Structures are given as structure tokens and as C-alpha cells.
Amino acid sequence: MKIAVIGCGYLGAVHSAAMSSVGHEVVGVDVDPRKLEMLSSGHAPFYEPGFDELLTEQVATGRLSFTDDFSKVADAEVIFIGVGTPQTEGSNAADLRYVNSAIESLKPYIGAHTLIAGKSTVPVGTAARLASEIESTGARMLWNPEFLREGFAVQDTLRPDRLVYGIGDGDTTSVAQLDEVYRSILDTGVDRIVTDFATAELVKVSANAFLATKISFINAMAEIAEQVGADVTELADAIGLDERIGRKFLNSGLGFGGGCLPKDIRAFQARAEEVGATESLQFLSEVDKVNLRRRDHVVDLAARELDALGSKRVAVLGLAFKPNSDDVRDSAALDVAARLTADGYEVRGYDPKAGETAGRVQPDLDIRSTLAEAVAEADVIVVGTEWAEFKEVDPATLESPAKVVIDGRNTLDRKRWHDAGFKVIALGRRT
Ligand code: UGA
36 MKIAVIGCGY LGAVHSAAMS SVGHEVVGVD VDPRKLEMLS SGHAPFYEPG FDELLTEQVA
96 TGRLSFTDDF SKVADAEVIF IGVGTPQTEG SNAADLRYVN SAIESLKPYI GAHTLIAGKS
156 TVPVGTAARL ASEIESTGAR MLWNPEFLRE GFAVQDTLRP DRLVYGIGDG DTTSVAQLDE
216 VYRSILDTGV DRIVTDFATA ELVKVSANAF LATKISFINA MAEIAEQVGA DVTELADAIG
276 LDERIGRKFL NSGLGFGGGC LPKDIRAFQA RAEEVGATES LQFLSEVDKV NLRRRDHVVD
336 LAARELDALG SKRVAVLGLA FKPNSDDVRD SAALDVAARL TADGYEVRGY DPKAGETAGR
396 VQPDLDIRST LAEAVAEADV IVVGTEWAEF KEVDPATLES PAKVVIDGRN TLDRKRWHDA
456 GFKVIALGRR T
């Protein structure tokens, strides 16, 4: 099938390559020339495990191409919309300008043969509005939210937990058309839920709101544990054994960041307010507050330890919002590093993959290219992202004057670090 994907970020670029890998002819459309040049030559413009290899392979087949020319989508049967919906500056609401402009740019090239399948995370009501905007072209609209996680984007796209189709009234033609696109995925027996536009949009934002709530719940328990000398990891293990609760997403630490959960819970609240349901999502503002307090807490802990030592020198290990990604959007680790720098501490940051992206966002931050360099003159070490490299490092052979480590992700083997002479401060845990 001929398909197009508008927007070639984490979502769109991976979707394009994945759809090509199951045999479709795919054109990815984006407006960023740097991204297009890299993608066209088979090189990933961001770090995502397995993606570079998949891209190289798929570009070489000749089935996958990238362009800034919207007219190239004219013969596509299905056009996916995968552009970003960031937080609007100065407000909590989602900024829909990229979605709106994608639809405007597509209008001259779509017709009765076209199915537009929206994947971007949008406020409930958007799909219905867009469907009426394209009605005169004869094209159909379907909302097909995406649940991929960065760091697992390729596997989540090709082996999703579920597929959700939000359709207009009785639009079985669009269901059949999207089924054809996803045939090889559906053949694995994956659950497919067909529903209305509003429910499909809500499935996405409520899933992210639930995940964010789960993380803030365990971080609130960490705050209590710190007050009473309990251990939040043992608590999470114990409650997680109840199948109704589950152990996943109960890892306490610096909390959630990234381009999705923080802005999605805010946009969801903004939309609830617009539809007259402010109170229903009031709790999400607490979820947000608990989350942001973890960053304050780590900044305070690091400052306290440094001041006690009469030192300014601190290493922050990990700058990405999560391991196996170079994405620093709303990264808690980078926020901690930036705030300590702004407070006058001499911070050296290091991340296995996100050094360059972090440097673009925080040009004042001293970012080193190896862990060894970052810790070489540090008196306190803060672990901000649970990369395997940090878990595996041998504290006994670490060449650093530091004797204090703050584990912002509860990721280190505490005994090993204790045995190597470190004071280990782990969030919500007995030290
Ligand atoms: C999230 C969702 O998990 C995806 O299902 C969704 O498709 C995606 O947003 C999206 O809306 O596009 P992602 O942002 O890639 O995916 O990352 P997550 O794995 O959800 O992690 C988000 C943040 O929560 C990270 O900063 C991570 O460190 C933190 N986290 C996660 C915790 O602090 N504790 C946990 O137990 C789990």
C-alpha cells in the first residue's frame, strides 16, 4: 500500500520505517531540512535503539523516502499525522498549530481515496473538528493514537499492546483500510479496539495520566518513607505483587519528564476545564506537584551535601529524560543539573547519548564526554538517569574525590557503593 506520514520526529520517523518494514511504500514528510537530509541518507536524527539499523535497511529497499513536498502524498491511500502537540507557551493547553497546518497543507492533495489517520496526542474533540474540516475534500478521518515509549519505539510500533481506532459514524471503510495497513501486526493476534473519535482521543491521554499518577503515587510514598525511615522500593515490591496494582511504573526517584507525560497531564486538565469538568482532573495538578517536588528535593540534597563539604563540585550522571534516549525534553536530570549550575555550583554533566542535545538546550552547562571526566573532580555525584553504564560502573575503581552519591533513580547497588566508602543517599530509602 502507498502510505504517507506527516511529521518525522520520534513518532513519525519510527512509524515510517516500521510501515516500510512490513512492506508498504512510505513517504515521510517534514519541514526540517536537517532531519530530512539525515533520514533520506538512512541515518537516524535522534538516538533510538534499533532505529538506525531499521532506517538504513528500509531506505535501501527503495520503499521508504522522505520529503518536504506535500504534493508527494497525493497518491497515498492512508496518511498518518504524527506531528508534535507541545505545551502552549504561557498556558497548559496543547499547541495544535502543527496539526492544523498539516491538515491545511494536505487539503489540496487529498480526496475520496484518502484516509487520514491521526496519531498525535490531541485534546478530545480535535478529531471531530478535523473530520469536518476535510469533509469537502471527500477524505475520511480516523484517530489511531500511538502508545510507543521512547527507548522501545521500534518494538512498540511493530508489536503494540493494542491498536485503537476512533472512527466517525459507521465508517467501516476506514476500519478496513487501516486493517490492511496493520495486517501483519493484526495477524499476531493483537487486541484492536474500534470506538468513536472522543473515546480514542481519551484512551491516549487517560493512559498517560494513569501512568503519571502511578509514578507520582510512589513518589508521594517516597516522601512519607523519608519522614518515617521506611523503604519505598521494598514497599513498591510488596504492593506490586498484588496483580491489581502491578510492579511496573512504581519506580520512585526524580519523577517523570519527557515530551509526553508532563505536557499531556497539563493539556488534559486544560481541556477538562474547557468542557466544564475541571474538578474531575483536579488531582492531576497534585500529580504534577509531587513530580516537580522530587526535582527540588534532589537539588536541595545535593546543595546540602556540597555545602557540608564546603565544596561546589558536583557531577550529574544522566541528562536524558530516561535511559536509552537522547531526548532531554522536560528532563528531570537536566533540570537538576541546570538549577545547580544556576545556584553557583560547578556542575559537570555526562550522558551516554544525550550530551549534545542537552548542550543545545543548556549551553551554560559543562558537559563532558565521558563518565570519568565528569566525576574526576567532583565531591558529590548525582545519578539522574538510570543508564546501564551507571549501574555497572565499579565504585571501587572510580577515579574521583567524591565520597557521596545521590541516587536519583534508585538504580545503584547500594551495598557496592557503601563498601567502596560512599555515603549513599537514595530517594525514599533507608540509607
Ligand atoms: C510515555 C508512555 O509511557 C507511552 O505509552 C506514550 O506513548 C508516550 O509517553 C507518548 O505519549 O508518546 P515515554 O515518555 O517515552 O512514554 O516514557 P516513559 O517510559 O513513560 O517514561 C516517562 C518518564 O517517567 C521518564 O522520565 C521516566 O524516567 C519516568 N518514570 C517511569 C519513573 O519515574 N518511574 C517509573 O516507574 C517509570
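Going by the working numbering, the sequence shown wraps up at 466, each residue one higher than the last.
Don't be surprised by glycine CBs; every beta carbon is placed ideally from N, CA and C.
Since the model is a prediction, treat every value here as computed from it, not as a measurement.
#### Entry: Distance CB(H59)-CB(V216) smaller than 8 Å
yes
### Query
Any idea what DSSP makes of W452, helix, strand or coil?
helix
### Message
Assuming G294 and N326 are in contact, meaning their beta carbons sit under 8 Å apart, how far apart are those beta carbons, in whole angstroms?
### Response
Actually they do not touch by this definition, with Cβ atoms about 15 Å apart.
### Query
What is the rounded straight-line gap between the Cα of E424 and the Cα of D442?
14 Å
### Query
Rounded to the nearest angstrom, how far is the Cβ of T230 from that of H50, given a contact under 8 Å?
That belief does not hold up - the Cβ atoms of T230 and H50 are roughly 21 Å apart, past 8 Å.
### Query
Are three or more beta carbon pairs between the stretch 110-128 and the stretch 71-82 nearer than 8 Å?
no
### Query
Would R451 pass as a contact of P430 if the rule is Cβ separation under 8 Å?
yes
### Query
Can you list, in chain order, the residues of its chain whose CB lies under 6 Å from that of V360, leaving out five sequence neighbours each side?
In the sequence under discussion, the amino acid at residue 360 is Ser, which differs from the Val named in the question. E185 and G186, listed in sequence order.
### Query
From which residue to which residue does the alpha helix (DSSP H) around S126 run?
That residue, S126, is in no alpha helix (DSSP H); it is neither H nor E in DSSP.
### Query
Under the criterion of a Cβ to heavy atom distance below 7 Å, does T156 qualify as lining the ligand UGA?
yes
### Task
Find the nearest neighbour of F252 within the set K154, L319, R364 and S219, judged by alpha-carbon distance.
L319
### Query
Looking only at DSSP bridge pairs, what is M176 linked to?
I151
### Query
Exposed or buried, what is Q317 when buried is set at 16 or more other beta-carbons lying within 10 Å of its beta-carbon?
exposed
### Message
Checking the sheet assignment: what are the DSSP bridge partners for E381?
### Response
R348
### Message
Taking 8 Å as the threshold (C-beta atoms), are V396 and L469 in contact?
### Response
The requested residue 469 is not part of the displayed model; the chain covers only 36 to 466.
### Query
Is V62 closer than 8 Å to S100 when the C-beta atoms are compared?
yes
### Task
List the DSSP bridge partners of V134.
Its beta-bridge partners do not exist; DSSP assigns none.
### Bridge-paired residues (DSSP) for R227
L198
#### Entry: P387 to A242 span [Cα, whole Å]
30 Å
### Query
What three-state label does DSSP hand F101 in the structure shown?
strand
### C-beta contact flag for I402 and A411 at 8 Å
no
### Message
Helix, strand or coil for D401? Go by DSSP, reduced to three states.
### Response
strand
### Message
Would you call the stretch 84-100 in contact with the stretch 114-130, where contact means no fewer than 3 C-beta pairs closer than 8 Å?
### Response
no
### Message
Give me the DSSP bridge partner(s) of I460.
### Response
I441
### Query
Which whole-angstrom value describes the C-beta separation of P180 and V238, a residue pair presumed to lie in contact below a C-beta threshold of 8 Å?
6 Å
### Query
Does the Cβ-Cβ distance between A367 and L354 come in under 8 Å?
no
### Query
Got a sec: does the ligand UGA put a non-hydrogen atom nearer than 7 Å to the Cβ of I250?
yes
### Message
I need the DSSP call for K142, collapsed to helix, strand or coil.
### Response
helix
### Message
Are the CB atoms of A235 and Y200 within a distance shorter than 8 Å?
### Response
yes
### Query
Quick one: Cα of R330 to Cα of G419, how far?
10 Å
### Query
Taking 7 Å as the line, does the beta carbon of D299 fall inside it for any heavy atom of the ligand UGA?
yes
### Task
Give the DSSP-derived three-state secondary structure of E60 in the structure shown.
strand
### Query
DSSP state of F252, grouped into three classes?
helix
### Task
Determine the DSSP secondary structure at V108, reduced to helix, strand or coil.
helix
### Query
K37 bridges to which residues according to DSSP?
E60
### Query
Whose C-alpha, out of T208, G463, E170 and R301, is nearest the C-alpha of P121?
R301
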